[in-house]
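Q:
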Amino acid sequence: MDETQLETQRQPVPRVDDGERGTALAFLSFARECVLKKVDGLREDDLRRRLVVSDTTLLGLVQHLTDGERYWFGHVLTGAPEHADVDFSMVVPEDVEPDAVLAAYRAAIATSDAQLARVALDDHTPVPHDDGRPRTVRWVVAHMTSEVARHAGHADILREQVDRVTGR
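In my numbering, each residue carries its 1-based index in the sequence shown increased by 922.
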């Protein structure tokens, strides 16, 4: 087996440094793009392949992140009740097509970005956190950026196990 790693997915970090909001949203977008890059060009069996002890798969990570977008930006940020009870599952049912999961993630990102465009970082969320206190939009953006970045790292490792492709 060829031990060469293919670094074909290097994504440059954002160069945006024009204020807190622009920088924060650029890094959130960067983390999302890194996740989408990790699943690009893979066959369905590779997207669904379990490579770790848990149920985590590349496709499952995308589904989980879709739920995160819907919960944090759809429910917590706006108060919309329809996303209050997402399950954050990493298991994608066999009858759900990968293209549908990826389209749902892209749609959730677009919706989240539209919701973020209507609020200021200092605004408070209408839905309190589990300690009963509302959070600022700034906190939600920082939380989601760290969540997406953490899962992008998981996706990077899973992708490397699938076909030895590396890069952020």
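Note that beta-carbon positions come from the ideal geometry of N, C-alpha and C, so glycine has one too.
All values reported here derive from a predicted model rather than from experimental measurement.
Just how far apart, CA to CA, sit Pro1048 and Thr979?
A: 33 Å
Q: Measure from the alpha carbon of Leu947 to the alpha carbon of each residue in His1076, Val1070, Val975, Val998, then state which is nearest.
A: Val1070
Q: Measure the C-alpha to C-alpha separation of Phe1010 and Asp989 and round it to an integer number of angstroms.
A: 5 Å
Q: Give the C-beta separation of His1005 and His997 to the nearest angstrom, bearing in mind that I take them to be a contact with Cβ-Cβ under 8 Å.
A: 4 Å
Q: Assuming Met1012 contacts Leu973 (C-beta within less than 8 Å), just tell me the rounded distance between them.
A: The Cβ separation is near 12 Å, so there is no contact.
Q: Could you tell me whether the region 1057 to 1067 touches the region 1014 to 1032, where touching means 3 or more Cβ pairs closer than 8 Å?
A: no
Q: Measuring CA to CA, which of Leu981, Asp1078, Gly1001, Thr1033 is closest to Glu1019?
A: Leu981
Q: For Asp924 and Glu1082, I'd like the C-alpha separation in whole angstroms.
A: Caution applies to Asp924, whose pLDDT of 48 falls short of 50 and renders its modelled position unreliable; the value that the coordinates give is listed next. Taking the straight line from one Cα to the other gives about 13 Å.
Q: For Arg943, which residues from the same chain have a beta carbon less than 6 Å from its beta carbon, with the 5 sequence-adjacent residues on both sides left out?
A: Excluding sequence positions up to five before and after Arg943, its CB lies within less than 6 Å of the CB of Leu1043, all in the same chain and listed in chain order.
Q: DSSP puts His1051 in a beta bridge; with which residues?
A: BP columns for His1051 are empty, so no partner.
Q: Quick one: measure Cβ to Cβ for Val957 and Ala1074, integer angstroms, because I've assumed they're closer than 8 Å.
A: 5 Å
Q: Around the C-beta of Glu966, are 16 or more other C-beta atoms found within 10 angstroms, so that it is buried, or is it exposed?
A: exposed
Q: Where do the ends of the alpha helix (DSSP H) carrying Asp1078 lie?
A: 1059 to 1085
Q: Using CA coordinates, which residue listed in Arg1055, Leu969, Phe952, Asp1021 is at the minimum distance from Pro911?
A: In the structure displayed, the chain extends from 923 to 1090; residue 911 sits before or after that span and is not available.
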